[in-house]
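Student: First residue of the sequence shown? That's 0 in numbering that gives the first Met the number 0, and the numbers climb one at a time after it.
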Amino acid sequence: MFQWGKNFPFGSNSQGGMFQNGNAADVEDYIQQVMTQVFGQPVSTDTKASHVKNTRTSKAEPEIFETSQHIYMKVPADQDTAQSLLIRHSSYKVELANYPDAGKTASYSLPSLVKRKGTKVSRHDGYIEIAFSKIDDPLSTEIQIFPQNKEDH
0 MFQWGKNFPF GSNSQGGMFQ NGNAADVEDY IQQVMTQVFG QPVSTDTKAS
50 HVKNTRTSKA EPEIFETSQH IYMKVPADQD TAQSLLIRHS SYKVELANYP
100 DAGKTASYSL PSLVKRKGTK VSRHDGYIEI AFSKIDDPLS TEIQIFPQNK
150 EDH
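#1: Report the residue from Ala76, Glu65, Thr66 and Ala23 whose alpha carbon sits nearest the alpha carbon of His123.
#2: My output table needs one value for Thr56: the three-state DSSP class, helix, strand or coil.
#3: Thr26: buried (16+ other C-beta within 10 angstroms of its C-beta) or exposed?
#4: State yes or no: is the C-beta of Glu62 within less than 7 angstroms of the C-beta of Lys73?
#5: Just how far apart, CA to CA, sit Ser106 and Tyr98?
#6: In the stretch 77–152, which residue ranges form an unbroken beta strand (DSSP E) of at least 3 residues, counting only runs that do not cross its ends?
#7: Quick one: grab the DSSP three-state call for Val51.
#8: On a Cα-Cα basis, can you pick out the residue from Thr104, Pro146, Ile30 and Arg87 that is closest to Ala130?
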C-alpha cells in the first residue's frame with residue numbers, strides 16, 4: 000500500500016545491506032566516495048591526522064556563559080600566562096592582553112551589557128574565571144504613541 004522504502008537512501012535497495020554488518024572500513028570507504036563526488040578530491044588520512052593534532056595543541060578558547068544576573072568568562076591559562084595577563088573590559092567587550100601568547104591581544108564580545116565596576120576574578124585549576132555583573136536597565140526609552148485627532152488632518 001505505502002512504498003516508504005523508496006524514498007530513504009539506506010533502504011534495502013540502495014546499498015545492498017552494506018551498513019547492516021557495521022563494518023567500519025565499508026562505512027569509511029562509502030564516506031570517502033561521497034566526499035570525492037561532492038568536493039572533487041579525496042580527503043587523505045594524513046591531512047585528517049595533522050588537523051586533529053593541530054587542534055589538540057592549540058590553546059583552547061575562553062568559554063563565555065550568561066546567567067540572569069552575571070556573565071562568566073572562563074579563560075584557560077597556565078601559571079605564566081596568568082601572571083602576565085591583563086584584563087580590560089567595557090560594557091560590551093573584553094580585551095585580554097598577552098593572551099593567548101605574550102605580546103598579543105584577544106578581544107571577545109559579551110552576550111549582554113555589563114557594569115563597568117564590580118567585576119571579580121578568581122583562579123581555579125588552570126583557569127581564570129571572570130564574573131561580570133549585568134546591567135539591570137540597559138538605558139532604553141519608552142515612547143508613547145498618542146491617538147491621532149481627526150481635527151489635525
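Where is the CB? At the ideal position from N, CA and C, for every residue including glycine. None of the values given here were measured: they were computed from a predicted structure.
Tutor: Per the coordinate set shown:
#1: Of Ala76, Glu65, Thr66 and Ala23, the residue nearest in Cα terms is Ala76.
#2: The pLDDT assigned to Thr56 is 42, lower than 50, so where the model puts this residue is not dependable; a value taken from the coordinates is nonetheless given after this. DSSP, reduced to helix, strand and coil, places Thr56 within a helical segment of the structure shown.
#3: According to the sequence displayed, residue 26 carries Val and not Thr. Flag for Val26 reads exposed.
#4: Yes, these two residues count as a Cβ contact at 7 angstroms.
#5: Between the alpha carbons of Ser106 and Tyr98 lies a distance of about 9 angstroms.
#6: If we require 3 residues or more, the beta strand (DSSP E) runs fully inside the stretch 77–152 come out as 85–88, 92–96, 104–108, 119–123 and 126–132.
#7: Only weak support exists for where Val51 lies, its pLDDT of 49 falling under 50; the value from the coordinates is given anyway. The answer is helix: DSSP assigns Val51 an H, G or I state.
#8: Among Thr104, Pro146, Ile30 and Arg87, the Cα nearest to that of Ala130 is on Arg87.
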